[in-house]
Amino acid sequence: MKKLLTTSLIFLSASSCFAIEEITLPKESLNLDYISDVYYGKAENQKDISPVFKLFTQKGLEFENSKINSVKASFVYSGQLTFLQGKHQSSYLNHNFNVVEPMITVKFNDNKSKAMFDINLTRTIAGHPNSFTEKINQIFVSHDITPNQTILIGQGDRIPNTFNGALSTMAQEMVLKSQLGRTIGDYRSVGIRNIASYKYLDYDIGLYDSTRFMRDFGQGLDFAGCILIKPFADVESDNLDFKFGAAYNIGEYYYNYNQYSLYSSYDNKNFHIKAEYANADGYNNAVNSQNKADGFYVTASYDINPKFSLIGRYDYFTPNKAVSNTNTQEYTAGITYKPYKNMKIMLNYVRRNYSDKPDSNMLLFATRFII
């Protein structure tokens with residue numbers, strides 16, 4: 125199994141791993157255990173590791189007597205196999221590489237500033253021309269104004285107008301985000317934002333151009349912000365970690381839109397549960413809509429051991445409240461296998477119940493990793 129996973133990862137990571145294959149590693153042949161040890165700084169003789177390989181380590185390639193402290197390269201991959209079967213519809217099997225994402229991070233010698241660029245080479249957005257700029261995920265400079273606060277200028281992580289929609293590829297608990305996350309969230313825009321993390325609360329607030337994915341600048345402004353409260357931060361217990369928060373987004377992109385979400389989560393050592401409700405009076409994602417929409421989800425997961433987790437979600441969403449019988453309910457069950465800290469293999473079954481058309485069943489298999 126270990127050899128199979130190693131071989132699969134080398135094959136799937138394509139050009140990123142070809143460079144590594146050319147390197148003669150000290151004392152070890154190429155394997156994921158060694159790569160993990162190098163990445164997390166556990167490998168012996170770190171000084172003997174090739175500079176090219178060091179680019180992909182946790183600290184990156186470090187410099188002395190330079191304005192640049194370090195340069196770090198990363199690569200994110202997500203491949204997905206989908207089998208869909210619907211009543212009175214043709215079944216189909218589809219595979220796609222939905223994330224092939226090289227990135228570069230430059231940290232400066234003040235230990236407070238950095239710049240980042242990354243691009244998802246395989247991104248396609250329905251109804252968009254899918255130009256080079258639309259494939260850019262992040263292009264920004266940031267500066268830590270205090271140990272707890274950062275100012276970011278440019279296009280950074282997904283805008284936090286919903287908690288589920290703002291999740292990164294590797295942070296997603298399931299193959300698909302919730303319906304509200306992928307419909308009214310899950311997008312990026314250029315702007316200026318203040319990101320902060322304190323003991324009892326986190327927040328992320330920003331003012332953006334209302335353009336999504338750098339498509340069409342100058343059509344309006346957008347405000348988005350979220351706050352997450354951690355009331356039990358002082359409690360030292362594996363059985364009590366409760367958080368709750370809210371997100372808000374308002375702006376104009378040809379149409380006005382106004383939306384909010386409410387979120388809560390509970391974690392103990394092995395059991396985790398999250399829930400979110402969102403309401404939108406118009407929304408601006410890959411599609412700009414005047415529709416009033418709302419929905420909620422509840423996700424629960426149980427860690428069998430550090431590598432295997434069981435997960436389930438109930439998801440309800442109405443994309444247009446002005447039209448009766450337009451809601452969709454999704455029931456998702458799955459298992460996640462994490463052979464390494466930076467790799468996930470997920471298998472999900474999704475049952476969709478539509479109020480206005482035949483129901484469907486979907487099986488999703490995904491492999492995701494970051495190096």
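For the sequence shown, the positions run 125 to 495 when this note's numbering is used.
Ideal placement from N, C-alpha and C gives every residue a C-beta, glycine not left out.
This one's a predicted model, so the numbers in the text were calculated from it and none came from an experiment.
Given residue i as reference, the closest of the options once Cα atoms are compared
i: R476; options: M470, N466, L487 and I469; result: L487
i: R336; options: I397, N444, I249 and F180; result: I249
i: T246; options: Q414, T450, S202 and I351; result: S202
i: A85; options: N412, S433, I495 and P443; result: Since the first residue of the chain shown is 125 and the last is 495, residue 85 is not available in this structure.
i: G498; options: T491, Y478, F489 and I494; result: A question about residue 498 goes unanswered here, because the residues of the chain that appear run from 125 up to 495.
i: E454; options: N189, G419, Y461 and Y464; result: G419
i: D234; options: N189, E225 and S484; result: N189
i: L386; options: L291, K462 and I351; result: I351
Alpha-carbon spacing of residue i relative to residue j, whole angstroms
i: R317; j: T206; result: 36 Å
i: Y421; j: E186; result: 44 Å
i: V447; j: F241; result: 42 Å
i: K398; j: Q414; result: 28 Å
i: Y426; j: S388; result: 17 Å
i: K323; j: R312; result: 27 Å
i: I269; j: Y473; result: 45 Å
i: A295; j: N449; result: 33 Å
i: A402; j: D439; result: 12 Å
i: Q303; j: G436; result: 15 Å
i: E146; j: Q182; result: Low per-residue confidence applies at E146: pLDDT is 35, beneath 50, and the placement is therefore not dependable, though the value from the model is reported in the following sentence. So the alpha carbons of these two residues sit roughly 20 Å apart.
i: N412; j: N444; result: 13 Å
i: F221; j: E297; result: 18 Å
i: T442; j: T452; result: 7 Å
i: K191; j: P271; result: 21 Å
i: Y327; j: L291; result: 15 Å
Other residues of its chain near residue i: CB distance less than 8 Å, five sequence neighbours each side excluded
i: E258; result: R247, I249, H252, F337, M338 and R339
i: G184; result: K178, S194, V195, K196, A197, T229 and K231
Chain-order list of residues whose beta-carbon lies under 7 Å from that of residue i (same chain, five-residue window excluded)
i: Q343; result: S334, T335, Y377 and Y378
i: L331; result: G315, I316, L345 and F347
Cβ shell of residue i (< 6 Å), same chain only, five flanking positions each side left out
i: Q273; result: A320
i: L217; result: F207
i: N373; result: N285, A348 and Q383
i: K354; result: Y324 and K367
i: S266; result: K238, T274 and L276
i: P175; result: L185
i: I263; result: F241, G278 and Q279
i: M467; result: F493
i: F356; result: L364 and F366
i: P226; result: F199
i: V299; result: M470, N472, L488 and A490
i: G289; result: G305, G309 and D310
i: K151; result: Any reading at K151 needs caution, since the residue's pLDDT is 37, under 50, leaving its predicted position unreliable; the model's value is listed next. Taken in chain order, the list of residues that qualify is empty.
Worksheet item: Unbroken alpha helix (DSSP H) runs of length 4 or more, entirely within the region 273-360: which are they?
Response: 303-308
*Which full runs of the alpha helix (DSSP H) of 4+ residues lie inside the region 190-222, going along the chain?*
none
| Runs of alpha helix (DSSP H) wholly within the region 223-255 (minimum 4 residues, chain order) | none
Fill in: Entirely enclosed beta strand (DSSP E) segments - the region 359-414, minimum 3 residues
365-377, 379-391 and 395-408
_Tell me whether the region 268-286 and the region 295-310 touch, counting them as touching only if at least three CB pairs, one residue from each stretch, are closer than 8 Å._
yes
May I have a chain-ordered list of the beta strand (DSSP E) segments no shorter than 3 residues that lie completely inside the region 418-495?
432-442, 452-464, 467-478 and 484-494
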